[in-house]
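Enquirer: To start, I am sharing the structure in question, which I have written as structure tokens.
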Ligand SMILES: [Zn+2]
């Protein structure tokens, strides 16, 4: 088995008519109250019914990345809240 090979489409388990194809999508997940978006996330999507399956390895890797407790003992590290840049104030309108 070579890991450099491009995975081939597999028959869909849901409708068994379509083929699951590897696509790179934007994956959304919640981390606490924050919505996390992961771009170019590999997913298998059926071209007939749209059934979607995620790559197991990618999911577990993502879960590990997103879980603040992953691989750490009991360190109490707080992640600072992200602050949004404020929009520039508008110049006063001509009067
Ligand atoms: Zn299908």
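Numbering (this note's numbering), first residue to last: 319 to 413. Ideal placement from N, C-alpha and C gives every residue a C-beta, glycine not left out. Fair warning: this is a prediction, and the values are worked out from it, not measured in the lab.
1. Give me the DSSP bridge partner(s) of residue 341.
2. To the nearest angstrom, how far is it from the Cα of residue 348 to the Cα of residue 381?
3. Using only the alpha-carbon positions, how far apart do residue 332 and residue 369 sit?
4. Is it true that the CB of residue 329 sits closer than 7 Å to the CB of residue 339?
5. Since residue 371 is in the beta strand (DSSP E), which residue starts that stretch and which ends it?
6. CB residue 361 to CB residue 343, shorter than 7 Å?
7. I need the straight-line Cα distance from residue 334 to residue 363, nearest angstrom please.
8. State the CB to CB distance for the pair residue 365 and residue 337, rounded to an integer number of angstroms; the pair is presumed to be in contact (CB under 8 Å).
9. Going by beta carbon distance, what residues of the same chain come within less than 6 Å of residue 345, once the five residues before and after it are set aside?
Expert: Quick answer:
1. Your numbering for residue 341 matches position 23 in the chain shown. Per the DSSP secondary-structure output, residue 341 pairs in a beta bridge with 361.
2. Taking the first residue of the chain shown as 1, we reach residue 348 at position 30. Taking the first residue of the chain shown as 1, we reach residue 381 at position 63. Cα to Cα, the separation comes out at about 11 Å.
3. Indexing the chain shown from 1 puts residue 332 at position 14. Indexing the chain shown from 1 puts residue 369 at position 51. Cα to Cα, the separation comes out at about 7 Å.
4. For this step, residue 339 is matched to residue 21 along the chain shown. For this step, residue 329 is matched to residue 11 along the chain shown. Going by C-beta atoms, residue 339 is not nearer than 7 Å to residue 329.
5. Taking the first residue of the chain shown as 1, we reach residue 371 at position 53. Start and end: 370-372.
6. In the chain shown, counting from the first residue as 1, residue 361 sits at position 43. In the chain shown, counting from the first residue as 1, residue 343 sits at position 25. Their beta carbons are under 7 Å apart, which means residue 361 touches residue 343 by this criterion.
7. The residue labelled residue 334 in the question sits at position 16 within the chain shown. The residue labelled residue 363 in the question sits at position 45 within the chain shown. So the two alpha carbons sit approximately 13 Å from each other.
8. Here residue 365 corresponds to residue number 47 of the chain shown, with the count starting at 1. Here residue 337 corresponds to residue number 19 of the chain shown, with the count starting at 1. Right, the Cβ-Cβ distance comes to about 6 Å (below 8 Å), so this counts as a contact.
9. Position 27 of the chain shown, counted from the first residue, corresponds to residue 345. Closer than 6 Å at Cβ, skipping near neighbours: 356 and 359.
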